[in-house]
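Protein sequence lines, in the order shown, are assigned to chains A and B. So the first sequence is numbered by numbering that gives the first Met the number 0: it starts at 0 and just counts up by one. So the second sequence is numbered by numbering that gives the first Met the number 0: it starts at 0 and just counts up by one. Notes follow the structure.
There are 2 protein chains.
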Amino acid sequence: MDRLIAAIKAMQNPSVVGLDPTVALVPPQVFDAVGDDLDAAGDKASAGYDASESGAQRAASRLAMGYFEFNRAVIDAVADIVPAVKVQIAMYEALGPAGIDAYTMTCEYAQQQGLYVIGDIKRGDIGSTAAAYAQHLSGLPQTASPSADAPHEDDSYDDLWHEDAVTINPYLGADGITPFVDAAKQTDKGIFVLVRTSNPSSKDIQELELASGECFYEHVADLVSDWGSDSLGAEGYSRVGAVVGATHPQEGQALRERMPHTFFLVPGFGAQGGTAQDVAGMFDADGSGAIVNSSRGIIAAWKKSGEYRSGMSADEALDLVASAARQAALNMRDELRVAVYR
Amino acid sequence: MDRLIAAIKAMQNPSVVGLDPTVALVPPQVFDAVGDDLDAAGDKASAGYDASESGAQRAASRLAMGYFEFNRAVIDAVADIVPAVKVQIAMYEALGPAGIDAYTMTCEYAQQQGLYVIGDIKRGDIGSTAAAYAQHLSGLPQTASPSADAPHEDDSYDDLWHEDAVTINPYLGADGITPFVDAAKQTDKGIFVLVRTSNPSSKDIQELELASGECFYEHVADLVSDWGSDSLGAEGYSRVGAVVGATHPQEGQALRERMPHTFFLVPGFGAQGGTAQDVAGMFDADGSGAIVNSSRGIIAAWKKSGEYRSGMSADEALDLVASAARQAALNMRDELRVAVYR
């Protein structure tokens, strides 16, 4: 986690902006502008060899490119004040393959702007399959590539996803985690394992009482600590972080003590109800140890600005998205500074 | 599950072929042939507007198209003897966006050949994010589409993924399940929730003893039964199935009794050690209630045939893949018929 911690320190800002667009969160004129571009490109490409797309694919491509333009505006607006973005792949996957392209483009663009990119993918599977998912971090194995003659952009590995860390689901046990830990070590990246999620029905599973007297999520917390124990960085945190929801402040504080070498990714701030006071206990005595995510609070700030007009051009609407997101990100930073940097 | 059960009855074959390719499982000349095609297409496209691909993307595209050609050979070889395929998205996701294209192409091609397609995606997230993942089943919402003028291929919904069922991870609780159940009802599809996975370290989590005296996976089994209770089909099984590994025969048999209205997807047959005897107890008295997956046992059968020669052409190698896969699928069918249709 040293790279993430350094970025947080440089900005004096333990917050991450969640890039989780939906159709309702993007001003409609952005999709319209993208649609015009796609139509022009489609006319041009239809002279070529592969322009056959179904109506659904065409609609999905338009949404996907709209998401990317929206994200680019947000990234440009916040890259000098926040250390990281969290990109929720579900929102992109909802659009099929075109959405996945927009996801990787978003991750790559954010990295180019100097941001640490957390891919919120919540993957988890067994042995060889987990190893395949771990290529989110490790990229294409060069030894496995049948086209070893192709030029490499990077000396160490062929990155395909452009993520610096990913989130992982622990339900499959260690088999599902080890390949990610190995990949994270190889590539100086990190993972965050789901421990205590912010949603109401997380209690169905995570609060179950075990025969040992612990809650289930506490047992998972101990496993996560173990899984990270041989990858401690210079800042005292391992490469294996934990997802701990802002909506559980007492539990989060107890977990902070229970797992002193585990960095927390804290979702649920803002729209889901978590406040700066709620998350303060999830930080260590030095104000490190956690990064707090806000998605709608930042990227939907334009809707609450009162400045949006349906007659705006796409560029005007994106300018509003950007200025509202920047102000919301500054407000969040300042709230967290007051609560955390005691 | 009625559609899947009908397909199984029609074939008298409760097995599903897992399309989980890796670089080592595809004859190398298939990648070479695809590479030549890609080079030609690349030359043609580079006259156009968007041919800029990195070396990694080029290598990934070659692998992805090789996977699709490999899958097509297997699908053509088994479509008249097996009712379903299970496509493990991790193997494709390992190749980045190009892999995702090959995944959806594989699913669509399998559906076109009449196969029921299980997307092994093991997704799971909270409310609005789970709803986004549920578009695997429900496709692009037409109301949400900004290009409502685009023609629809299907009256009911715009399918993007071409899956008939998907696998789901239960760690987030009901919030993460409900959107999938709703989507499955809307589109006459199904889901399979992870209950007891086939991998060794599943015990880290799934065998934990609860204060109630049950194992954790038994509690999850009861939740899964509940989640399906209002979607029973004509055959007595709900739309919410369970993943129960072949490597746990006694537990599988006990789960069969515990959840009489839950259809099982049973991985772990063959390469992972499960036998027809091991899985027999996971079926009901009528020989229904489960479908057994084999991946490497079918798609890697060509490697054990003794007939492969490195001098084979790509077409010759794919013919061998096809004939070996067909024979292995027939053998598995016959083993299951003996063990299950008592």
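Ideal Cβ placement from N, Cα and C applies to all residues, glycine included.
**Study point:** Within chain D, the residues that residue 196 of chain B reaches when beta carbons sit closer than 7 angstroms
**Key:** Given the protein chain composition of this structure (A and B), no chain D is represented.
Review point. Where does the unbroken beta strand (DSSP E) through residue 18 of chain A begin, and where does it stop?
Key: 14–18
Point to revise | Burial state of residue 35 of chain B (16 or more Cβ within 10 Å) | key: exposed
**Study point:** For residue 192 of chain B and residue 212 of chain A, the rounded distance between their alpha carbons
**Key:** 27 angstroms
Check your understanding: Buried or exposed: which applies to residue 261 of chain B, given that a residue is buried once 16 or more other Cβ atoms fall within 10 Å of its Cβ?
Key -> buried
Point to revise | Collapsed DSSP secondary structure at residue 202 of chain A in the structure displayed | key: helix
Check your understanding: If you drop the 5 nearest sequence neighbours on each side, which residues of the same chain put their C-beta closer than 7 angstroms to that of residue 306 of chain B?
Key -> 319
Practice item. Over the uninterrupted alpha helix (DSSP H) stretch that includes residue 108 of chain A, give me the two end residues. Key: 96–111
Check your understanding: Using the beta-carbon of each residue, which ones in chain B are nearer than 8 angstroms to residue 90 of chain A?
Key -> 128 and 131
Check your understanding: Where does residue 246 of chain A sit, in a helix, a strand or coil, going by DSSP?
Key -> coil
Check your understanding: How close, in whole Å, do the beta carbons of residue 194 of chain A and residue 220 of chain A come, if the pair is a contact with beta carbons under 8 angstroms?
Key -> 5 angstroms
**Study point:** Per-residue contacts from residue 208 of chain B into chain A (C-beta, under 9 angstroms)
**Key:** 209, 210 and 211
Point to revise | Burial state of residue 274 of chain A, where buried means 16 or more other Cβ atoms lie within 10 Å | key: exposed
Check your understanding: For residue 303 of chain A, does the count of other Cβ atoms within 10 angstroms reach 16, so buried, or fall short, so exposed?
Key -> exposed
Practice item. Use the C-beta contact count for residue 208 of chain A: other C-beta atoms within 10 angstroms, 16 or more gives buried, fewer gives exposed. Key: exposed
Point to revise | Integer-rounded CB distance, given that residue 266 of chain B should sit under 8 angstroms from residue 244 of chain B | key: 6 angstroms
Point to revise | Outcome for residue 321 of chain B when other beta-carbon atoms lying within 10 angstroms are tallied against a minimum of 16 | key: buried
Review point. At a Cβ threshold of 8 angstroms, is residue 260 of chain A touching chain B?
Key: no
Point to revise | Exposure of residue 345 of chain A, with buried meaning 16 or more beta-carbon neighbours within 10 Å | key: Since the first residue shown for chain A is 0 and the last is 341, residue 345 of chain A is missing from the structure and cannot be characterised.
Review point. In chain B, what lies closer than 8 angstroms to residue 342 of chain A by C-beta?
Key: One cannot answer for residue 342 of chain A here, as it falls past the ends of chain A, which runs 0 to 341.
Exercise for review: Taking the CB atoms as reference points, tell me whether residue 226 of chain A and residue 242 of chain A lie closer together than 8 angstroms.
Suggested key: no
Review point. Roughly how many angstroms separate the alpha carbons of residue 188 of chain A and residue 54 of chain B, rounded to a whole number?
Key: 22 angstroms
Exercise for review: Kindly say whether residue 54 of chain A, judged by its beta-carbon, lies nearer than 8 angstroms to any beta-carbon of chain B.
Suggested key: yes
Exercise for review: Classify residue 291 of chain B as helix, strand or coil using the three-state DSSP reduction.
Suggested key: strand
Exercise for review: Specify whether the segment 281–299 of chain B and the segment 17–27 of chain B touch according to this definition: at least 3 beta carbon pairs, one from each stretch, less than 8 angstroms apart.
Suggested key: yes
Review point. Name the DSSP bridge partner or partners of residue 189 of chain B?
Key: B/164
Practice item. Starting from the Cα of residue 78 of chain A, find the closest Cα among A/25, A/115, A/314 and A/250 and give me that residue. Key: A/115
Check your understanding: If you measure from the beta carbon of residue 300 of chain A to each beta carbon in chain B, is any gap under 8 angstroms?
Key -> no
Point to revise | 8 angstroms Cβ cutoff, residue 218 of chain B in contact with chain A | key: yes
Practice item. In the DSSP assignment, find the unbroken alpha helix (DSSP H) run with residue 346 of chain B in it and report its ends. Key: With chain B covering 0 to 341 only, the question about residue 346 of chain B has no answer from this structure.
Review point. Quick one, which residues of the segment 108–120 of chain A are near chain B if we go by CB-CB under 7 angstroms, in chain order?
Key: none
Check your understanding: When burial is assigned at 16 or more other CB atoms within 10 Å of the CB, is residue 340 of chain A buried or exposed?
Key -> exposed
Practice item. Using beta-carbon positions only, say whether residue 171 of chain B and residue 124 of chain B come within less than 8 angstroms of one another. Key: yes
Review point. Going by beta carbon distance, what residues of the same chain come within less than 7 angstroms of residue 137 of chain A, once the five residues before and after it are set aside?
Key: 156, 182, 185 and 186
Check your understanding: What number of angstroms, rounded off, separates the C-alpha of residue 247 of chain A from the C-alpha of residue 293 of chain A?
Key -> 16 angstroms
Review point. Beta carbon of residue 272 of chain B, beta carbon of residue 252 of chain B: below 8 angstroms?
Key: no
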